[in-house]
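> Encoded as structure tokens, here's the structure I'll be asking about.
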Amino acid sequence: MTAGSGILDFVKKHWCSIISVLGRILPVVSLLSTFHHLQNISTPALTMIYSAFFSIIIFTTVCIANANEYGVDTSWPIHYQSLTDASNQLFGNDKNELYDQYIKGCQVKYPHIAQQCIHNEHERFRLNRNQPKQMTNYTSVGFRKVRLSDELFATIQDYWQEEVIDKGGIGKLQIEEWPEANTYTNHWVSPSRMKHLTKYQAEIWRETEAHIREWIPSAKSFSRSSLYGIRVYTTNSILATHVDRDPLITSAIINVAQDVDEDWPVEVYDHKGQAHNITMEPGDMVLYESHSILHGRPFPLKGRYFANIFVHFKPLFHDAKFRVGDIVEVLWEDEYEQAEYFEATIIKKIEYEDEFRYDVRFSKDNQVRNQVLEGNIRSMHHEEDSNHGEL
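Residue numbers (this note's numbering): 1026 to 1416.
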């Protein structure tokens, strides 16, 4: 970073404070000039002083008017480790203190690699600054909130009741493991828990894809990247604002259940960099372009838990992605409605008006399956990662 760009960044982040200081200086200069003899000051100079004075008034008004409309580095460090002046105007000193505690918590948890906490934060900042501007945006705003169908919502609610509540509650769920010094959540004080879905994945895939198809009609098809959860965030959880990596491109958060004292919004930044706080109720689904839309939950969870399912797709706009002979992974649902990926070989390609389908031969049993949708196939190098940091 050059000295010039560093100065520019400082001015951008602290311009309201700079304006405030000038606003204190210029009125004094103006009064002194009036107190003395006006004839001692040339008319152009006096005009400049008063023009600057009124400009300060206008800019100060803008600062106040924009106090409730904010961008990055206000609710949480997003592009850089320091917060903007707007943060103090909206949240007082609480955010600075909270972030300091956040980082210290990571370093106390991992004393043998304490510096890695800082390194991971700088990597998050780098991705947040650079990745969105390199990505293609598919919608005008970048996010949308919808509702699950009553049928699917009832199904998921029954599953939650039977598999979690009736079996001892969230305290009995497995604590989710995170990589050492990972700073995407404060798992060292508020561990997330996980109840892996053992059924209904196919129904969730289908309904979520239908919503995303309607939202992004220009895509020919959608490659299914990953579906996981139910992740349960616990008291005082914070999710640092971030962007997801390929192939997690267009995504959905499904709120399964919550026990909160106040709303725990997901904060997203639209394509213009403006923050939006979206509240969710059980059965709500937030669609968002997770590769380019900054998203997180920078306000500590006030309550007992907040449970979500996460669904990720990659839109496909080009011609057939796969060729005959390719070894791929195919999402397949067995007779017990258990959907998972299996290795297979493409043996035939069938072109339709709006998508491609394939006949495949599964490696495990040499069985052939006909007309598999392209969205149910992924390249072998698109293996699901551990899901850490893709939230």
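Just so it is clear, CB atoms sit at the ideal spot from N, CA and C, and this is done for glycine as well.
#1: Taking one C-beta from the region 1304–1318 and one from the region 1243–1256 each time, how about it: are there three or more such pairs within less than 8 Å?
#2: For the alpha helix (DSSP H) containing Y1124, list its first residue and its last residue.
#3: Comparing alpha-carbon positions, which option in V1293, T1275, L1198, E1176 lies nearest E1239?
#4: With contact counted as at least three CB pairs below 8 Å, one residue from each stretch, are the region 1156–1174 and the region 1289–1301 in contact?
#5: Across which residues does DSSP place I1195 in a beta bridge pair?
#6: Work out the CA separation of D1110 and W1230 for me, nearest whole Å.
#7: Which of the three DSSP states, helix, strand or coil, is assigned to Y1184?
#8: Excluding the 5 residues flanking N1121 on each side, which residues of the same chain have their C-beta closer than 7 Å to its C-beta?
#9: V1214 and I1255: beta carbons closer than 9 Å?
#10: On the DSSP bridge assignment, give the partners of W1357 in chain order.
#11: Going by the CB atoms, is the gap between D1384 and N1395 shorter than 9 Å?
#12: To which residues does DSSP link K1220 through a beta bridge?
#13: Give the DSSP bridge partners of Q1283, in chain order.
#14: In this structure, does DSSP put E1094 in helix, strand or coil?
#15: With a threshold of 8 Å on Cβ separation, who are the neighbours of L1198 within its own chain once the five nearest residues in sequence on each side are excluded?
#16: In whole angstroms, give me the CA-to-CA distance for A1282 and K1339.
#17: What is the rounded straight-line gap between the Cα of R1386 and the Cα of V1349?
#18: Using the C-alpha atoms, what's the distance from K1327 back to D1288?
#19: Buried or exposed: where does R1403 fall if 16 or more other Cβ atoms within 10 Å of its Cβ makes it buried?
#20: Can you check DSSP and say which residues form a bridge with G1321?
#21: Give me the residue from M1310, R1382, S1388 with the minimum Cα distance to F1168.
#22: Please list, in chain order, all residues of the same chain as I1103 whose beta carbon is under 7 Å from its beta carbon, the five residues on each side excluded.
#23: Per DSSP, what kind of secondary structure is P1340 in: helix, strand or coil?
#24: Measure the alpha-carbon distance for F1116 versus E1292 and round it to whole angstroms.
Judging by the given coordinates:
#1: no
#2: 1119–1134
#3: T1275
#4: yes
#5: DSSP lists no partner for I1195.
#6: 43 Å
#7: helix
#8: L1108
#9: no
#10: E1365
#11: yes
#12: Bridge partners of K1220: none, in fact.
#13: F1331
#14: coil
#15: V1189, R1218, M1219, K1220, V1257
#16: 27 Å
#17: 11 Å
#18: 8 Å
#19: buried
#20: E1292
#21: M1310
#22: V1097, N1153, T1266, L1319
#23: strand
#24: 15 Å
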